[in-house]
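J.: Sharing a structure, written as structure tokens. Questions coming.
Rendered as structure tokens:
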């Protein structure tokens, strides 16, 4: 699946949390402020994110180290995905998220492509 970043909310990037929250273009105004909005160029209704798959943001490639419950369904239905750029803590993790390596927030800009594979 391929999407394009169409909006970056004023509070969307938190270097303290190392998390990005993505939503589709139809997100509410409150969500838009804290999220990165994406518009899908190519969609696959059967697509599933899996361990060791990659997410490429611009030219920055990340490998999936954990996929939480309902993540793929939320991505397909709402364009929603929470990307966590840190180690998975087995005792305290965000169940509805994707954990990625390297553990560094990507540089993001409107117009950038996100490729899920």
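Numbering (the working numbering), first residue to last: 2 to 118.
The C-beta atom is built at its ideal place from N, Cα and C for all residues, glycine as well.
Give me the DSSP bridge partner(s) of residue 118.
T.: Paired residue(s): none; residue 118 is not in a bridge.
J.: So for residue 73, helix, strand or coil by DSSP?
T.: Residue 73 falls in the helix class under three-state DSSP.
J.: Leaving aside the five residues before and after residue 24 along the sequence, list all residues of the same chain whose C-beta is less than 7 Å from its C-beta, in chain order.
T.: Cβ within range, chain order: 32, 36, 38, 79, 80 and 81.
J.: If you count every other CB in all the chains shown that lies within 10 Å of the CB of residue 28, and 16 or more means buried, which is it?
T.: So residue 28 ends up on the buried side.
J.: Are the beta-carbon atoms of residue 67 and residue 100 separated by less than 8 Å?
T.: Contact: yes.
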